[in-house]
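A.B. asks: Below you'll find the structure I mean.
2 protein chains.
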Amino acid sequence: MTEKKEQILDAALKLFAEQGYASTSTAKIAKAAGVSEGLIFRHFENKEGLLRAIMNHGKAQIDQLYKQASTFSNPKDVLASILSFPFLIPKDQHPYWKLSYSLKWQSDIYLNDMSEPIRTLLIDAFTKLAYQNPEAEAEAVLLILDGIATAVLLKKPEHSVSILKAIMQKYGI
Amino acid sequence: MTEKKEQILDAALKLFAEQGYASTSTAKIAKAAGVSEGLIFRHFENKEGLLRAIMNHGKAQIDQLYKQASTFSNPKDVLASILSFPFLIPKDQHPYWKLSYSLKWQSDIYLNDMSEPIRTLLIDAFTKLAYQNPEAEAEAVLLILDGIATAVLLKKPEHSVSILKAIMQKYGI
DNA sequence: TCATAATGAGTGATTACTTACTTTTATTTT
DNA sequence: AAAATAAAAGTAAGTAATCACTCATTATGA
């Protein structure tokens with residue numbers, strides 16, 4: 000990984016997250032990264048390839064964060080760890096999350112389901128806790144997690160904590 | 000409102016919701032609506048004007064839906080009505096909601112906060128129910144509402160019902 | 001007859017991407 | 001170690017296609 004290649008990835012992620020994938024031109028990215036536009040295509044073949052590279056890199060970072068939750072043996076600890084997830088996202092990972100959430104709403108382009116590892120953990124936890132429908136319960140938590148993450152990423156985190164507390168209370172944590 | 004003007008609004012809303020605002024060209028809209036491209040600019044001045052017209056029209060429809068919830072006198076009825084909101088959205092209003100949610104993630108373009116009337120209703124309801132922090136409680140419900148709406152709009156509504164039940168139980172409905 | 005609706009062929013700017021070329025870094029041969 | 005060669009990194013100036021938007025002209029309905 001050369002320095003300029005990394006500059007491209009950084010600039011593209013920032014711009015994609017702020018202005019959206021479609022309305023960020025490769026010319027803008029090149030200018031922001033301080034490289035020639037051609038270099039983008041040399042390294043990533045096309046614009047979509049650049050997006051894919053960004054998403055893969057981001058997913059690797061997040062999977063690492065997930066690992067911490069999976070180390071707990073007590074299912075309630077797993078739950079508590081997962082529910083507080085949105086608050087533990089490091090600031091430097093925010094652009095990647097914003098990009099992921101914004102891409103959800105466009106049907107055609109790159110779709111990255113980063114919730115899968117969490118879903119597995121949740122189903123496992125609810126099974127151990129003897130819930131009658133662990134899958135449904137897991138989906139419900141994922142839904143709330145999405146809501147909290149959205150609030151945190153769009154800078155309205157003040158009230159997310161109270162929801163977190165309420166949900167934790169529901170599960171007796 | 001001429002017929003062709005309405006065709007433009009319909010086609011644009013559909014395309015904006017499916018493919019995103021930025022990646023939908025005025026040429027595509029004109030073709031889908033079966034009109035000349037110039038007519039779009041005659042009626043809406045520019046692309047952003049078209050978006051604004053769509054959003055205003057959608058908001059008017061939704062405000063009408065909101066009115067139903069505000070007719071209840073019992074605050075618990077108001078709460079119940081609001082919480083089941085995402086499930087009551089008519090299918091033909093889905094594109095407008097999808098567009099609204101997708102626009103949230105782009106900082107620059109038109110932002111229309113359609114949650115304001117609901118927020119007012121919620122704060123009022125929680126005040127009447129003597130909650131110690133009605134504003135925070137309202138924000139929490141809005142957050143969950145967002146999560147449920149997202150799930151419904153992105154075609155994963157199966158498990159949303161269980162969340163709805165859990166939340167309703169929390170508020171003793 | 002007069003305003004509005006509607007068209008179709010433009011406009012320059014911007015789009016993603018390519019090409020021909022130079023520069024830098026790494027590898028191999030003397 | 002020096003020279004030669006190859007491979008990779010990087011650039012500047014293109015490309016055709018598409019972008020949002022304009023304008024002159026025609027159709028239509030009150």
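Protein chains in written order, with the numbering used here: chain C, 0 to 172; chain E, 0 to 172.
Glycine is no exception: its CB is placed at the ideal position from the N, C-alpha and C atoms.
1. Three or more beta-carbon pairs under 8 Å between the region 128 to 143 of chain E and the region 89 to 106 of chain E, yes or no?
2. Indicate whether the contact test is met: 3 or more Cβ pairs, each with one atom in the region 0 to 14 of chain E and one in the region 46 to 53 of chain E, closer than 8 Å.
3. Answer yes if the region 61 to 72 of chain C comes into contact with the region 28 to 40 of chain C, meaning at least three C-beta pairs across the two stretches below 8 Å, and no otherwise.
4. Strictly below 9 Å CB to CB, what residues from chain E border W216/C?
5. Could you confirm whether any beta carbon from chain E is found closer than 7 Å to the beta carbon of D123/C?
6. Since I147/C meets chain E, which of its residues come closer than 7 Å, beta carbon to beta carbon?
7. Between G19/E, A16/E, E17/E and S35/E, which has its C-alpha nearest K4/E's C-alpha?
8. Report the residue from K75/E, H158/E, A150/E and M54/E whose alpha carbon sits nearest the alpha carbon of G171/E.
9. From A16/E to H56/C, what does the alpha carbon distance come to, in whole angstroms?
10. When you compare the region 108 to 120 of chain E with the region 99 to 116 of chain C, are there three or more beta-carbon pairs, one atom per stretch, that lie closer than 8 Å?
11. Let me make sure I understand the geometry here. Which of I143/E, P85/E, I7/E and L102/E has the alpha-carbon closest to that of P156/E?
12. Counting only Cβ pairs nearer than 7 Å, list the residues of chain E close to D107/C.
13. Is there a C-beta anywhere in chain C that falls below 7 Å from the one on E138/E?
14. Taking only beta-carbon positions, decide if A26/C is within less than 7 Å of chain E.
15. Only counting the same chain, and skipping five residues up and downstream in sequence, which positions put a Cβ closer than 6 Å to that of L128/E?
16. What does a CB cutoff of less than 7 Å around Q6/C pick up in its chain, not counting 5 residues either side in sequence?
17. Under 8 Å Cβ-Cβ, which residues of chain E neighbour Y170/C?
18. Return the CA-CA distance between I108/C and V77/E, expressed in angstroms with no decimal places.
19. Could you tell me the distance, in whole angstroms, from the CA atom of A26/E to the CA atom of N45/E?
20. If you compare alpha carbons, which of L144/C, I162/C and L142/C is closest to N132/E?
21. Which term fits S24/C, buried or exposed, when burial requires 16 or more other beta carbons within 10 angstroms of its beta carbon?
C.D. replies: Taking the structure as given:
1. no
2. Yes, the region 0 to 14 of chain E touches the region 46 to 53 of chain E.
3. In this structure the region 28 to 40 of chain C does not lie against the region 61 to 72 of chain C, because fewer than three pairs of beta carbons, one per stretch, are closer than 8 Å.
4. This structure cannot settle anything about residue 216/C, because the visible part of chain C is limited to 0 through 172.
5. no
6. L142
7. S35/E
8. Selected option, being the one with the closest Cα: K75/E.
9. 28 Å
10. no
11. P85/E
12. Correct list: Q18.
13. With 7 Å as the cut-off, E138/E counts as an interface residue toward chain C.
14. no
15. P74
16. A32, G33 and V34
17. What Y170/C touches in chain E: nothing, since even the nearest Cβ is about 10 Å away.
18. Taking the straight line joining both Cα atoms gives about 39 Å.
19. 13 Å
20. I162/C
21. Flag for S24/C reads exposed.
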